[in-house]
Amino acid sequence: MSYHANEKGYYGEFGGAFIPEMLYPNCEELRQNYIPIMETEEFQEEFRQLLKDYVGRPTPLYFAERLSEKHQTKIYLKREDLCHTGAHKVNNTIGQILMAKKLGKNRIIAETGAGQHGVATATVCALMGIECVVYMGEIDIARQAPNVARMKMLGAEVRAAKSGSRTLKDATNEAIRDWINNPVNTHYIIGSVVGPHPYPDMVARFQSVISEEIKWQLQEKEGRSNPDYVVACVGGGSNAAGAYYHYLDTPEVGIIAVEAAGKGIYSGESAATSALGKIGIIHGSKTLLMQTQDGQITEPYSISAGLDYPGVGPMHAHLYKSSRGEFISITDDEAMTAGLEMSQLEGIIPAIETSHAFAIFDHKKFKKDDVVVFNLSGRGDKDLQTYIDYFKL
28 MSYHANEKGY YGEFGGAFIP EMLYPNCEEL RQNYIPIMET EEFQEEFRQL
78 LKDYVGRPTP LYFAERLSEK HQTKIYLKRE DLCHTGAHKV NNTIGQILMA
128 KKLGKNRIIA ETGAGQHGVA TATVCALMGI ECVVYMGEID IARQAPNVAR
178 MKMLGAEVRA AKSGSRTLKD ATNEAIRDWI NNPVNTHYII GSVVGPHPYP
228 DMVARFQSVI SEEIKWQLQE KEGRSNPDYV VACVGGGSNA AGAYYHYLDT
278 PEVGIIAVEA AGKGIYSGES AATSALGKIG IIHGSKTLLM QTQDGQITEP
328 YSISAGLDYP GVGPMHAHLY KSSRGEFISI TDDEAMTAGL EMSQLEGIIP
378 AIETSHAFAI FDHKKFKKDD VVVFNLSGRG DKDLQTYIDY FKL
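Set out below in structure tokens:
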């Protein structure tokens, strides 16, 4: 059994492309071309060169000595927070902007929650001189003000989504509407492993550079390319997909996905899709989804703007359903405490999304000689105000 997408974009029973007829030409053009374009030498050369000289890859794999000592296991941090723009998101936007150019598109749209994907999209559009419109929920615009300012400085137009919960789900709805209205010249850069096929697979492939590097870096440091566990936070799940990618079909590597339990899994204010989700369709993909008895999507909640998505990507739904991945739900309080601990033990202030991953030690025990790789997917600059308010700093 493979945990990668098949040619129709399914991971087990999850995935596919459930889209309005008007979006079919856009998705079909992408589906037919993404792998052939990606596999050309010219594309790979340009992609790798930009990752190296512009993004700053490879990112370090850092042995966290004090954290390891405290939790009595060997902890390595994959430092995606050191990428240009402060998170892993830019790996995918570089790939997709090159793809858009090859398909002859001259306008880019994107959706963003925490703003990191919006910043990464605005960044590559500035780099390539392409028009950029970013949709963002009104609530997220307020709580991620520094990232909104960055997008505007980079020349992007930020459009507020004022419907529904006014967060990521609604920003995505607005972006899809835009795409339907502008099918010929516009490419939609989706920021996570969600949406209709080919997006989950395409984004995972662009992010797979993370696990590709972990393999050779771990070989250098530990004399083995496989860790015992790879841990990542999951909202939509692109950082996790990238960290897991080259280990998906390696059963001896444990996969741990950490979700946001908000104020508690059953508090009514949570984003713990694995615990609360049922099979449904959101944004063109069949996956696990938080919904009411009659199939209405329920509002997710997390202190972290990047994890409050009501579903997960189909790869993660399959990892959960097949038990290949172990899913752990972490509350706001646990995540914030873990973020502070990481800051004071290792001198690294993590994004609150990532802080969820570091809060698993009360839920999961590791052996002393286990090698555990955490994907440190983003830095905490964008979340300083939330940290300040929470800890009354």
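Here the sequence shown stands for residues 28 to 420, where the numbers follow the numbering used here. For each residue, glycine too, the CB sits at the ideal point set by N, CA and C.
How is the alpha helix (DSSP H) around residue i delimited, first residue to last?
i	result
CYS159	That residue, CYS159, is in no alpha helix (DSSP H); its beta strand (DSSP E) goes 158-164.
ASN266	265-271
GLU249	236-249
LYS116	116-129
ILE379	379-384
GLN412	411-418
How many whole angstroms separate the CB atoms of residue i and residue j, which I take to be in contact at a CB cut-off of 8 Å?
i	j	result
THR148	ALA137	4 Å
ILE283	ILE355	6 Å
LYS409	ASN174	5 Å
VAL151	ILE102	Their Cβ separation, rounded to whole angstroms, is 32 Å, which puts VAL151 and ILE102 out of contact at 8 Å.
VAL236	GLY340	Not quite, the Cβ-Cβ distance comes to about 18 Å (not below 8 Å), so this is no contact.
PHE41	THR314	5 Å
HIS91	GLU373	Strictly speaking, residue 91 in this sequence is Ala, with His absent from that position. With a Cβ gap of about 5 Å, ALA91 and GLU373 count as contacting.
TRP206	ASN53	6 Å
ALA365	PHE393	Not really, about 15 Å apart at Cβ, beyond 8 Å.
Give me the residue from the options with the minimum Cα distance to residue i.
i	options	result
PRO377	LEU104, LEU88, PHE45, GLU240	LEU104
LEU346	GLN371, GLY374, TYR274, LYS395	TYR274
VAL258	ASP410, ALA288, SER404	SER404
THR199	ALA176, SER235, PRO223, ARG170	PRO223
ASP167	ARG251, THR194, GLN323	THR194
PRO225	LYS79, TYR417, ALA44, THR150	ALA44
GLU289	GLY264, SER331, ARG251	A small fix is needed here, since residue 289 is Gly in this sequence, not Glu. Answer by Cα proximity: SER331.
HIS383	GLN371, LEU334, THR120	LEU334
GLU239	VAL82, ALA268, SER370	ALA268
ASN253	GLU247, LYS242, CYS260	LYS242
GLN17	VAL146, GLU158, LYS189, VAL160	The first residue shown for the chain is 28 and the last is 420, placing residue 17 beyond what the model contains.
ILE324	SER312, GLY338, LYS313	GLY338
ILE379	SER349, VAL398, GLN412	GLN412
ALA287	TYR328, GLY191, GLY322	TYR328
THR277	GLY291, TYR256, TYR417	TYR256
HIS111	VAL400, GLU40, LYS79	LYS79
PRO85	HIS115, ASN60, CYS54	HIS115
LYS35	ALA202, GLY291, SER312, ALA127	SER312
GLY164	THR139, PHE401, ILE292	THR139
ALA188	MET369, TYR81, GLU201, ASN266	GLU201
LEU186	ARG204, SER192, VAL160	The amino acid at residue 186 is misidentified as Leu; the sequence shows Arg. Comparing Cα-Cα distances from ARG186 to each of ARG204, SER192, VAL160, the minimum goes to VAL160.
GLY281	LYS132, VAL399, GLU55	VAL399
LEU420	ARG406, LEU367, PHE385	LEU367
ASN402	PHE388, ILE292, TYR271, TYR293	TYR271
Starting from residue i, trace the beta strand (DSSP E) both ways and give me its first and last residue.
i	result
ARG134	134-139
PHE354	352-358
ASN209	Taken as a continuous stretch (DSSP letters only), ASN209 belongs to no beta strand (DSSP E), as it is neither H nor E.
THR314	312-316
TYR293	Looking at the DSSP string, TYR293 is not in any beta strand (DSSP E), and its letter there is neither H nor E.
CYS152	First-last for CYS152: 143-155, but that is the alpha helix (DSSP H), not the beta strand (DSSP E).
VAL258	256-260
LEU403	398-403
LYS348	Segment 341-348 is the alpha helix (DSSP H) holding LYS348; no beta strand (DSSP E) there.
ILE308	305-309
Does the ligand GDP have a heavy atom nearer than 7 Å to the CB of residue i?
i	result
GLN143	This structure lacks the ligand GDP; in fact it carries no ligand of any kind.
Counting only C-beta atoms, is residue i closer than 8 Å to chain C at any point?
i	result
THR199	In the displayed structure, chain C is absent; only one protein chain is listed.
Three CB pairs or more closer than 8 Å across the segment 351-367 and the segment 305-321: no
Length at least 3, wholly inside the segment 44-106: the beta strand (DSSP E) runs in chain order: 88-90, 101-106
Cβ contact check for the segment 202-210 and the segment 91-109: 3 or more pairs under 8 Å: no
Alpha helix (DSSP H) segments (min. 4 residues) lying fully within the segment 173-230: 195-208
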